[in-house]
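Since the structure comes first, as structure tokens, the remarks are kept for the end.
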Amino acid sequence: MNRRIKVALIGNPNTGKSSVFNLLTGLQQKTGNYPGITVEKKEGYCRLNKGVSATIFDLPGTYSLNASSLDENIVIELLMNRKHVDFPDVAVIVADIENIKRNLLLFTQIKDLGIPSILVVNMSDRMRRKGISLDVEKMEEELNTKIVLTSTLKKEGIQTLKNEIANYSQLEHSPCLNFRSIDPDYFTSLQKTFPKQSIYKLWLVITQDVNFANIDRNTIQSTDGDHTRSVSFLKRLQQRETIKRYQFINEVLKKCLQINREQATDFQSRLDRILTHRFWGYMIFFVVLFTIFQAIYDWSSYPMDAIDSAFVSMSEWAKTNLPSWFVPKLIAEGIIPGLGGVAIFIPQIAILFVFISILEETGYMSRVVFLMDRVLRRFGLSGKSVVPLISGTACAIPAIMATRNIENWKERLITILVTPFTTCSARLPVYLILIALVIPDTRFLGANMQGLVLMGLYLLGFGMALAAAYVLQLVLKLPHKTAFVVEMPNYRIPILRNVGITVYNKTKSFVLEAGKIILAISVLLWVLASNGPNSSFGQAEAIVVVDQELTEAELEQKISAYKLEKSYLGEIGKFIEPAIAPLGYDWKIGIAIVSSFAAREVFVGTLATIYNVGTDEEDTIKNRMADELHPDGKPVFTLASGMSLMIFYAFAMQCMSTLAIVRKETNSWKWPTIQLIVMTLVAYLAAFATFQVL
Amino acid sequence: MTLAQLKKGEKAVVEDLNTDLVPLKLIEMGCLPGNSIELLQLAPFKDPLFLNINGAQVAIRKETAEHIQVKIIVA
């Protein structure tokens, strides 16, 4: 007999909840989205003991059931709804020993919902060092629960936790708080109106505007008791509820927790004195950013070159060895170069996520939020916009999802709208290939000139994001209410396993998501480039041969160039050429721009497909581009046209997935539409100016 | 005096706060009357404030701090 139970993993941010999740499930995880919204949903599978296994849901970190952001809403909506498919049989609340008091607040709330609850006290390895001693048995008695001590660093306590989860049916579920003690009249009357319901659930319906068992806020409002009085009355009750909960927690902790304050955390505060210093703090942050960008550029070039040449030779091999009819040709000339276009991103994305997850794991990211809040607020953003703006250098999609913890809607909306200006990794291949083509590989003041241009483009992206935010702040008229509360967690050494799992999951989802689009477009492009509307397409050999006296190789190239020009793709490119000629582009670049509307990284792949069609030369895309000439014999890629293209890509909204995510996050087509129009316009004008000036 | 007037390194006790204007989240972090509060660090322009509230390290904006009344215990 095999039983499968459902377990919800709940806890404050920075308690090591994800580490517990990783230890329980290993790599048996999948990440997806909650239906309809883009909050990331993490679930994993775990074998508890003989015959019992568990699906574990890693819920978003939250401080309380009183939700102040979308992420936190997920937790309460799941836990209130017994009919939800993911409704847990048992809740595991992860607390860390150093902030046990605050962590227990959430525990008492979950327990009051009547869900069987297990308390995990994590980071128990720190207890002795911090001079903390905890009487676990006494505390289990006081809280009426099971407690498991774990150390995710030393991988201790996980098996005990599995056993306790398997025995969940023996857990007590008596509530912690007597609501009548908060306001006897109010809660007695509320209970009288709905005698069969849990009073805490009713209270959450009123304060959180969630519903359960067919009761929603309106149902309660329509009763006589005047239960949904003014907001400020309810808030006063909430404060009193919090005080009562803390009184309960203090009583419990007085009996079972002892802290020897002598062993204070002096190292932590000394670190903070430097890292959040009003001068050194910013200097250090700048050095950190600089290091990250240099590393992305330097470290990724070797694996990228290797991947590039591997795919080129694979394509060559397929072309020579596979029969020459439709499907094998599609594989050799469309699919393999297309896949290469995806694979080439893997090193950069992985490196960037390594850095971002290390910054978050160590607790440094919160310090950056603190340092940048005032500066960013001038531009209508929040300190919390730092995280989206920095993750935007990987990809705008997770970055826009990361805005969910910005409580202020105006600051959040502006962050969503400007994040696509930051230089995402999809722009990187475009930049890399163009920089290699048009910027000389020289030294400028001892620094690599190409590296400097790349950093300049990143700064340009950030600068544009800030400028756009500034304008939006002036234009947008939205109610403004502050709710900026950021926890500054203790500094920690990052757990490599966690970093590894994050990098693996993020990279995998990028490859799969973006890969699908890129692959589909590559195939489409190849078909369009290999067929033409007029009969002259099929007679290319005859037409070209007639008027030329050429060597075999030259003839071959002429034929394929002629074919491309007469193909459907060529026709499209020719059609838009007049519009883009003032920017310095020819029709081939035009094709690449059109196709890369779906996703920027398609640009390089498209050029690869365009230049690859019908040629047998063993050559990289870069060399082919350098040889590319205008009909009058001048090279297509010059400093002016190259810079103009880079500027165009810096500003243009060339990403369908981003538009889709903005639509989801803002719940309207209005904002993505505005974003698309404005960004494309800015890009066109800026590219025009660049080409004309240079 | 309000929390916003506290100087770096000073310790105080929360006396009162305006529940309409102080986010519940901050209250739940332990910002309650009677609890201790220490100003650890200030960003430029004295905003935001980096605080230790009853053992929890939290950053809040000056505009929130202005609605929290405190009494200094250690200067």
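Just so you know, the sequences run in chain order Z and A. Last residue of the first sequence? That's 694 in this note's numbering, and every number before it is there in order. Last residue of the second sequence? That's 1075 in this note's numbering, and every number before it is there in order. Virtual Cβ for every residue (Gly too), placed ideally from N, Cα, C.
Item	Value
Proximal chain A residues relative to Arg-126 (chain Z), where beta-carbon distance stays under 9 Å	Near Arg-126 (chain Z) there are no residues of chain A at all, since even the closest Cβ is about 15 Å away, more than 9 Å.
Within chain B, the residues that Leu-1039 (chain A) reaches when beta carbons sit closer than 8 Å	You won't find chain B in this structure, because its protein chains are Z and A.
Closest residue to Tyr-431 (chain Z) among Z:Phe-603, Z:Leu-524 and Z:Asp-586 (Cα-Cα distance)	Z:Phe-603
Whether Leu-1039 (chain A) touches Gly-1009 (chain A) by CB criterion (8 Å)	yes
Buried or exposed by the 16-neighbour rule on C-beta atoms within 10 Å, applied to Asn-103 (chain Z)	buried
Terminal residues of the alpha helix (DSSP H) in which Asn-163 (chain Z) lies	158-166
Rounded separation between Leu-472 (chain Z) and Phe-510 (chain Z) - CA only	30 Å
Cα-Cα separation between Val-85 (chain Z) and Phe-212 (chain Z), rounded to whole angstroms	14 Å
Three-state class that DSSP yields for Pro-635 (chain Z) in the structure shown	strand
Residues that DSSP places opposite Phe-444 (chain Z) in a beta bridge	Z:Ala-447
C-beta neighbour in chain A for Asp-183 (chain Z), strict 8 Å	no
Partners in chain Z for Asp-1047 (chain A), counting only beta-carbon separations shorter than 8 Å	Asp-373 and Arg-374
Beta-carbon proximity check, Gln-675 (chain Z) vs Leu-275 (chain Z), cutoff 8 Å	no
Beta-bridge pairing of Phe-1050 (chain A) - partner residues as DSSP gives them	A:Gln-1041 and A:Ala-1059
Below-8 Å beta-carbon distance, Ser-657 (chain Z) vs any chain A residue	no
Status (buried if at least 16 other CB within 10 Å, exposed otherwise) for Tyr-302 (chain Z)	exposed
Integer-rounded CB distance, given that Lys-634 (chain Z) should sit under 8 Å from Ile-610 (chain Z)	Between Lys-634 (chain Z) and Ile-610 (chain Z) the Cβ distance is about 19 Å, and since that is not below 8 Å, they are no contact.
For Glu-411 (chain Z), the nearest candidate out of Z:Ala-579, Z:Val-475, Z:Leu-330 and Z:Asn-144 (CA to CA)	Z:Val-475
Cβ neighbour criterion (16 or more within 10 Å) applied to Arg-378 (chain Z)	exposed
DSSP state of Lys-1071 (chain A) mapped onto helix, strand, coil	strand
Euclidean distance between Cα positions of Asp-627 (chain Z) and Leu-437 (chain Z)	10 Å
Alpha carbon of Gly-281 (chain Z) to alpha carbon of Leu-1049 (chain A), nearest angstrom	15 Å
Chain Z contact residues for Val-1058 (chain A), given Cβ-Cβ distances below 8 Å	Val-485, Val-486, Glu-487 and Met-488
Sufficient close CB pairs (3 or more, under 8 Å) joining the segment 104-119 of chain Z to the segment 224-240 of chain Z	no
Pairwise C-alpha distance: Ala-166 (chain Z) and Asn-99 (chain Z)	27 Å
Within chain A, partners of Gln-247 (chain Z) - CB distance below 7 Å	Simply none; closest approach about 10 Å.
Near the ligand MN: Cys-176 (chain Z) beta-carbon under 7 Å from a heavy atom	Absence of the ligand MN from the depicted structure is noted, as is the absence of any ligand whatsoever, leaving it without description.
Among Z:Arg-4, Z:Ala-8, Z:Val-7 and Z:Pro-13, the one whose alpha carbon lies nearest that of Glu-361 (chain Z)	Z:Pro-13
Residues that Leu-1003 (chain A) contacts on chain Z, provided the C-beta gap is smaller than 7 Å	None at all; the shortest Cβ gap to chain Z is about 13 Å.
Supposed contact pair Lys-1011 (chain A) and Val-1074 (chain A) - C-beta distance, whole angstroms, cut 8 Å	4 Å
Rounded C-alpha distance that separates Pro-35 (chain Z) from Leu-9 (chain Z)	Only weak support is given to the placement of Pro-35 (chain Z): the predicted model assigns it a pLDDT of 48, under 50, and the value that follows is read from those uncertain coordinates. Roughly 19 Å between the two C-alpha positions.
Contact list for Ser-269 (chain Z) against chain A, beta-carbon separation under 8 Å	Leu-1040
Residue range of the unbroken alpha helix (DSSP H) whose run includes Gly-678 (chain Z)	It is Val, not Gly, that sits at residue 678 (chain Z) in the sequence shown. 670-693 is the span of the alpha helix (DSSP H), which, as asked, contains Val-678 (chain Z).
Cβ-based neighbour list, Ser-19 (chain Z), same chain, cut-off 7 Å, excluding 5 preceding and 5 following	Thr-152, Ile-495 and Asn-498
Minimum Cβ-Cβ distance from Glu-1010 (chain A) to chain Z less than 8 Å	no
Contact under 8 Å by Cβ, Ala-306 (chain Z) with Leu-322 (chain Z)	no
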